[in-house]
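Line order of the protein sequences matches chains A and B. If you want my numbering, it's the position in the first sequence, counting the first as 1, plus 93. If you want my numbering, it's the position in the second sequence, counting the first as 1, plus 93. Reviewing the structure listed below.
Protein chains: 2
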Amino acid sequence: MNYTANFKLKNNILIYLSVLFLAFGCKESAVKSGIKVDNIEALNNAIKDAKPGDNIVLANGVWKDVEIKFRGHGTKDNPIVLSAETAGKVSIEGKSYLKFGGQHLEVEGLHFKNGYSPSRAVVEFKINDDEIANNCKITNCVIEDFNKLKRDDSDLWVNFWGRHNELSNCYIAGKTNRGPTIRVNLEGIESINNYHQIVNNHFGPRPVKGGPSGETIQLGNSFTSMAPSYTMVANNLFEECNGEVEVISSKTNFNEFRNNVFYKSEGSLVTRHGNYCTIDGNYFIGDGVNENYGGIRIINTGHWVTNNYFFNLKGTSFRSPLAVMNGIPKSPQNRYNQVTDVVVAYNTYVNCSTPWQFGVGTNIAQADVLPKSEIRSARAVRTTVANNVIYNETGLEAIVIENDKADGVTFKNNIVDNKGVKFNGFDGGIKEVSLSLKIISENIKIPTGVPNDIEPYVGFDFGNIKTDLFGKSRENNNSIGAIIGVDVANPNILDKSKYGTDWFSNEVEPSDPVSHVVTNASEIQAKIDAANKGDIIVLSPGVYNVEKSLVINKAITIQSKKGEKAQVVFNGTANSPLFSLNPKGKLTVNNLDLKGNNTNYAFASLKENMSNHFGLTVSNTEISNFNYVLKVFKESFSERITFNNTNISDCLNGIELSGEINAKGDYNTEYLTIDSCKFNNVKANVVDYYRGGYDESTIGGNLIVSNSTFTNCGVKEDNRILLNHHGIVNVNITGNTFKNNPVAFVSVLWGAKNNAQSNNTISNSGQIKVQENLEMKLMY
Amino acid sequence: MNYTANFKLKNNILIYLSVLFLAFGCKESAVKSGIKVDNIEALNNAIKDAKPGDNIVLANGVWKDVEIKFRGHGTKDNPIVLSAETAGKVSIEGKSYLKFGGQHLEVEGLHFKNGYSPSRAVVEFKINDDEIANNCKITNCVIEDFNKLKRDDSDLWVNFWGRHNELSNCYIAGKTNRGPTIRVNLEGIESINNYHQIVNNHFGPRPVKGGPSGETIQLGNSFTSMAPSYTMVANNLFEECNGEVEVISSKTNFNEFRNNVFYKSEGSLVTRHGNYCTIDGNYFIGDGVNENYGGIRIINTGHWVTNNYFFNLKGTSFRSPLAVMNGIPKSPQNRYNQVTDVVVAYNTYVNCSTPWQFGVGTNIAQADVLPKSEIRSARAVRTTVANNVIYNETGLEAIVIENDKADGVTFKNNIVDNKGVKFNGFDGGIKEVSLSLKIISENIKIPTGVPNDIEPYVGFDFGNIKTDLFGKSRENNNSIGAIIGVDVANPNILDKSKYGTDWFSNEVEPSDPVSHVVTNASEIQAKIDAANKGDIIVLSPGVYNVEKSLVINKAITIQSKKGEKAQVVFNGTANSPLFSLNPKGKLTVNNLDLKGNNTNYAFASLKENMSNHFGLTVSNTEISNFNYVLKVFKESFSERITFNNTNISDCLNGIELSGEINAKGDYNTEYLTIDSCKFNNVKANVVDYYRGGYDESTIGGNLIVSNSTFTNCGVKEDNRILLNHHGIVNVNITGNTFKNNPVAFVSVLWGAKNNAQSNNTISNSGQIKVQENLEMKLMY
């Protein structure tokens, strides 16, 4: 026991247990004190008095509104530790954060939930410019849904400064507001050459943000892109990290990405700025369907992409398994440097749609309309692609997609089993052979049978690629592809117990939804409130006169009894919604007849504090006499909004998703789908889906309008366009009938992007126009 | 003896002497064979057969037109050596070069002179992309005046590729053609992390080039500015390295500049691109007069400027002892990144005019006329200036010149003896104290008497500054300034025997000029040819009818006997000059009367192959009836052209220096001075001095027109300007009289640059106009 420490303790601090002897081999044996605290004042005092080797223990329970400034000076052998009494039983809630300042400080076992940081970060490795953390660690913790109330209020959940800090064995998921989940900062000489460790974490689902600044990890920024970082990102699981197109945005030099698993993540590992990164031994696992799962996107100089395994990825262009971008000659600092001196070697691709794309992002065709400093015309040079193995169960037309010529790339000793389909072999650099597939697990299938005469190409410094994907030495019996030999054990990459904490799991037991029958209006809200998420509210036949908005704050379905449409008549005040879509309110409406009083709304998000996403699916429903069918406000976001087999009539406004007006690339839904619907006499904003601000790498917004009929709509539409989708990148208008709509244009398609129309019948409704380039505000 | 090697030798190779035993401590003793060769075929064969430990010896004498490809594979302990029989007695002449390919190859004792490389380099550490040198060395060699014939034919004299190559103990001087003397290339992964050594060399005079691309050392380029270089430049003497504004242009990362001496060099050590350089323990020595001697100019991030000594420097702005530039926000790759995270610590400045300038290169005032991507408005941030000592025998008005605010700079614990003149102390970061000066040598004077209470400021990582200028440990008894203590030995920094070869000296015994009297025209050329450089040709009184151009190819003076002007009448053909100024032809004409036939020229350079500079001074002379007084052709250059107390009359054209028309920033003379002259009836091109192409860091071209009279001139001047000096940066027109010159403008001054006029009398001659910004072609 350390009696000196004891002497200073206040009344409300208990000395307890844990006398630890340091590991064999140390010169001195030290005694760790355990100092239990149960409120913030006691914690602050304990921190103030802490000495190397002290262990401050937070009592189990809820710690609300705690701003923890963990400052101190531990030593390598005797860190100061701040831990939960029981890992996972200490929750940090409300307006709370944790900041480190000093050295050799460790935090363990906390659960951040039900709250948000009042600061710019939840966990920060700096208290102020004079108190920066070094050799500090947060481990075995969870940060879950700790979102600021407003989507535009930017923060980070873990913000690195200093050197040699660590985020390990944590589970982090659910960020919806602006800002990368994790950022490493390099401003200031204190934070370069940082050698931070981001290891063994489980990055759980981060939903689509609907605009930029939704990375899971960002290492630096363009202004520090010259800085040597040496951050290690290893052995992490990235599960459904869908925030934006970049799961990891590496913007500094000498970072390493090793043995991570990217599982169903709608984005890529991108070397956005900075150079000389190592991307080795990672798994990129798709489902063979979703085209948003990415791989590795390369910009800049000197990266080595080795021993990676790509499976079942259907992404193309920016989201290709390997997307090598064109640069801008003499690029501005925040744009695209040319790719040079890159090595892509010993990777394996199984059943990927376009394994390799070069010249990605080329916009030479727009040279006439864009300034010279925007033209990505500089192709990759001094780049080697060697010793890779590709296996396609269905042969591809091209192994290399050349958006611009890959004439600065040397292909050596790559092989592909393309099932006999002919392709460009780049002077023998890509050879067709016949391979077999050995199944190791559901997602790990190894192409086998590489002919013995195909020896690995030995490029400059290739001797530094010492092992294969599984860590097996390449020194003897080397072979091409990510995996040497065929006799390998299942790496169990999706065994979640290998990542994150030792106490938290995001696996949920599936449960069957329960139906709750309602017979009169007054009980609807109560039934919703009492239901579990996923349950069904069933309206018995009849008319329900609802006076007050129904609050939806969980996943819920509301439907009529089979076959008979219940009618819901909403008499609520002007501009109030029948269904108020709150954070996490994911509403499915089926087979109802909804009627308003011409001043109120059918559906609306909150006007503010939409701290989490909502959702909306409407099927087989009649909607009439509303001011707005759907009104979504600024900073509200739904991943999907779907109207299906639904009739909308006699409304002043239709589906309004144009709240994001500050030209920062944000929008209100990722997917708006309108299929087999009828719109009649909707006077304005029939469909209004808007994205402002231009950044070519943010590729979202998806509108499908199909098999629907629009009649007598748009009479009060000021801009004389029926379907408004300004700035939406992916638009498909197909199989619709437009009749007697007094507008000039049914739609104005953005020709330079993925906007298409087909099989529409238009009479007395203006026309569909294609505008090649939009005038948009640049976001950078 | 190595009999295996012997067995392979051809007839014309002699085996001789030199059995060497390797140094004590090696596991095996090895025998070095000496293989003497006396022609290129034998050399090539010897190279082909060479094995580790071989020593190939070049026989003394002249080796003409030899293209040496030195390829082979030595080992660390047994390199393959190619050496002169006697160091300095083997000269490489004519069209020759030396290329290295392989590893552990060394070259010693050669003298490159009287020739030029037919390739892009004289010495190159690469034969082709598959034969790059590693661990190769050139040492104890001289490269002297090895210029291509045309100034625009670019080459390098030592061109580095690969890794771990060395240029040591060489003397290199006299480059006049385009291209840095030394370049380190980083294209390709084979050449990054190169750790080249450029050490112990004597870089002798490199004359002003007259335009850009005249660096003595260039490390990389903007396109490889992200590359880690780690080149060491140490213990070199840079003597009169005046090629351009950058003596050393560092364009990559992690380079080190240690213990070099910059002596009367008209340029700076510039961190032009790239980051994280170390500039430690260097000497920058001026003469207290010349404002072109520079110091250290900082651009980009993370440089450490420590322990340097600055003496008697009068440079300002770009050429300040410390010039910290403004950057361009989000700069294009080839422009100016912002200065961030720079440390300037423990330096000493003695008698420098403006020790520290910040915001150098700011052009915010031109924001209206220049594109945004050209505006240097980003001030230095996160920059620390600490522990420096400044001593001024004459107090300065400002210690820090703020071209733009230094508000991102932290000043800590700097002191200055400013002789009581008040200055901005930056919140105590620069304190006035009273110091003494201890004289160690002519150029090394140490400020002493730092008060004991001024402890060094301890910034982040300052503990890495372990020694002082002289290598003394800072661990105990540390103090501010470059030098700890006062009891130091003279470092003899200008003892030339410490640098360069062990056999060559550039010190010349001064000799008195000899006068050679001439009495008739036919003997003038013969006397010139027979004279030594510096001699004087004296024309006896009388008239000399010269029919053929007089060839001037050395420094020579031609003058009349005192008091009486000899008349030289030139009847040469049209467009031929009386004095043909050849390479190295530095002509002084004094007290003559020169008369042409209205079709020929008084003075002209060669039309081509001006492989070295000329010079011209004309005093007390009458010049009349020429087509051109002086006609200087493209790719000709004179450091100075001076007309003094000379009358020029009845000529079709005057002084024509406008040959450089390809807008690459070149021009024909550095200084054109016209003082106390009379121009009468010169019809066109009275003065025509031109520079095309804009790059703000090339700051040359100097025109002085003073105390002169211009009458009846410019009648045939198409552009209606009397004194043409388009693009010349420094212009001073003062004390002249302009009378009855039928032009619109006497001069059009460039307002944004250092163009001035004063005390001129203008009558019936148009006016002097100031144009703030010229339209010029950008060179980058």
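Glycine included, C-beta positions come from ideal geometry on N, C-alpha and C.
### Query
If you drop the 5 nearest sequence neighbours on each side, which residues of the same chain put their C-beta closer than 6 Å to that of residue 477 (chain A)?
Taken in chain order, the residues that qualify are 436, 503 and 552.
### Task
Count the other CB atoms, across all protein chains shown, that sit within 10 Å of the CB of residue 261 (chain B); report buried if there are 16 or more and exposed otherwise.
By the 16-neighbour rule on beta-carbons within 10 angstroms, residue 261 (chain B) is buried.
### Task
Give a yes or no on whether the C-beta atoms belonging to residue 621 (chain A) and residue 649 (chain A) are separated by under 7 Å.
Going by C-beta atoms, residue 621 (chain A) is nearer than 7 Å to residue 649 (chain A).
### Proximity to residue 127 (chain B) [Cα-Cα], best of B:173, B:159 and B:162
Ranking B:173, B:159 and B:162 by Cα distance to residue 127 (chain B) puts B:173 first.
### Task
Report the rounded CA-to-CA distance for residue 800 (chain A) versus residue 827 (chain A), giving the unit in angstroms.
Rounded to the nearest angstrom, the two C-alpha atoms are 7 Å apart.
#### Entry: Residues within the region 469-494 of chain B neighbouring chain A, beta-carbon criterion of under 8 Å
Of all residues in the region 469-494 of chain B, 475 have a Cβ within less than 8 Å of some Cβ in chain A.
### Query
DSSP puts residue 418 (chain A) in a beta bridge; with which residues?
According to DSSP, residue 418 (chain A) bridges with A:453.
### Message
Along the chain, where does the beta strand (DSSP E) containing residue 788 (chain A) start, and where does it finish?
### Response
Going by DSSP, residue 788 (chain A) is part of no beta strand (DSSP E) at all; its letter is neither H nor E.
### Query
In its own chain, which residues sit with a C-beta less than 6 Å from the C-beta of residue 766 (chain B), not counting the 5 before and 5 after it?
Setting aside the 5 residues that flank it on each side, residue 766 (chain B) is surrounded in the same chain by 735 and 797, each with a C-beta closer than 6 Å to its C-beta; the list follows chain order.
### Beta-ladder partner(s) of residue 629 (chain B), from DSSP
B:608 and B:650.
### Message
Is it the case that the region 193-202 of chain B contacts the region 215-229 of chain B, given that we only count it when at least three CB pairs across the two stretches are under 8 Å?
### Response
Between the region 215-229 of chain B and the region 193-202 of chain B there are three or more inter-stretch CB-CB distances shorter than 8 Å, so the stretches are counted as touching.
### Query
Among all the DSSP beta bridges, which residues are the ones paired with residue 193 (chain A)?
In DSSP, residue 193 (chain A) forms a bridge with A:163.
### Query
Does any heavy atom of the ligand PLP sit closer than 6 Å to the C-beta of residue 600 (chain A)?
In the structure on display, the ligand PLP does not appear, and there are no ligands present to speak of.
#### Entry: Alpha carbon of residue 343 (chain A) to alpha carbon of residue 433 (chain B), nearest angstrom
Per the coordinates, the alpha-carbon of residue 343 (chain A) lies some 20 Å from the alpha-carbon of residue 433 (chain B).
### Task
Name, going along the chain, the residues of the region 298-332 of chain A whose beta-carbon falls closer than 9 Å to a beta-carbon of chain B.
Within the region 298-332 of chain A, 315, 316, 317, 318, 319, 320 and 321 place their CB atoms closer than 9 Å to a CB of chain B, listed in sequence order.
### Candidates B:872, B:398, B:331 and B:145, of which the one nearest residue 170 (chain B) by Cα
Residue B:145 is the option with its Cα nearest to residue 170 (chain B).
### Buried or exposed by the 16-neighbour rule on C-beta atoms within 10 Å, applied to residue 590 (chain A)
Counting Cβ neighbours within 10 Å, residue 590 (chain A) comes out exposed, since fewer than 16 surround it.
### Message
Assuming contact is defined by CB atoms lying nearer than 7 Å, are residue 498 (chain B) and residue 479 (chain B) in contact in what I supplied?
### Response
Annotated as distal: residue 498 (chain B) and residue 479 (chain B), with beta-carbon spacing of 7 Å or more.
### Task
Determine the direct distance from the alpha carbon of residue 419 (chain B) to that of residue 452 (chain B), and round the result to whole angstroms.
The C-alpha of residue 419 (chain B) is placed about 5 Å away from the C-alpha of residue 452 (chain B).
### Query
Which residues mark the beginning and the end of the alpha helix (DSSP H) in which residue 618 (chain A) is found?
That run of the alpha helix (DSSP H) goes 617-623.
### Task
Verify the CB distance criterion: does residue 284 (chain A) have a CB-CB separation below 7 Å to chain B?
Closer than 7 Å: no.
### Message
Quick check on residue 222 (chain B): does DSSP put it in helix, strand or coil?
### Response
If DSSP states are grouped into helix, strand and coil, residue 222 (chain B) belongs with coil.
### Query
Mind checking if residue 424 (chain B) is an interface residue toward chain A, Cβ cutoff 7 Å exclusive?
Yes, residue 424 (chain B) counts as interfacial toward chain A.
### chain B contact residues for residue 553 (chain A), given Cβ-Cβ distances below 7 Å
Neighbours of residue 553 (chain A) on chain B, chain order: 282 and 283.
### Task
With distances taken Cα to Cα, identify the nearest neighbour of residue 179 (chain B) among B:168, B:159, B:154 and B:308.
It is B:154.
### Message
Here's the rule: buried if 16 or more other CB atoms are within 10 angstroms of the residue's CB, otherwise exposed. What is residue 309 (chain B)?
### Response
Residue 309 (chain B) is classed as buried because its beta carbon has at least 16 other beta carbons within 10 Å across all chains shown.
### Task
Could you check the C-alpha separation between residue 692 (chain A) and residue 712 (chain A) for me, to the nearest Å?
If you take the alpha carbons of residue 692 (chain A) and residue 712 (chain A), they lie about 23 Å apart.
### Query
Are residue 368 (chain A) and residue 346 (chain A) touching if we call contact CB-CB under 7 Å?
The answer is yes: Cβ separation under 7 Å.
### Residues that residue 538 (chain B) bridges to, as DSSP identifies them
Partner(s): B:532.
### Task
Determine, using beta carbons only, whether residue 541 (chain B) and residue 529 (chain B) come nearer to each other than 7 Å.
Yes, the Cβ-Cβ distance between residue 541 (chain B) and residue 529 (chain B) is below 7 Å.
#### Entry: Secondary structure of residue 138 (chain A), DSSP reduced to three states
Correct three-state label for residue 138 (chain A): helix.
### Query
Would residue 285 (chain B) be called buried (16 or more neighbouring beta carbons within 10 Å of its own) or exposed?
Burial state of residue 285 (chain B) is buried, judged by a 10 Å Cβ sphere holding 16 or more other Cβ atoms.
### Query
Any idea if residue 790 (chain A) is buried or exposed, counting beta-carbon neighbours within 10 angstroms, 16 or more meaning buried?
In summary, residue 790 (chain A) is buried, with 16 or more beta-carbon neighbours lying within 10 Å of its beta-carbon over all protein chains present.
### Query
Per the contact definition of three or more C-beta pairs closer than 8 Å, is the region 479-494 of chain B in contact with the region 509-525 of chain B?
Enough Cβ pairs lie closer than 8 Å, so yes.
### Close-in-space but distant-in-sequence residues of the same chain around residue 596 (chain B) (CB under 6 Å, 5 per side omitted)
Residues 180 and 181 of the same chain have their beta carbon placed closer than 6 Å to that of residue 596 (chain B), with the five preceding and five following residues left out of the count.
### Task
Using a Cβ-Cβ cut-off of less than 8 Å, give me the residues of the region 451-471 of chain A that come near chain B, in sequence order.
If the cut-off is 8 Å between Cβ atoms, the region 451-471 of chain A has 466 near chain B.
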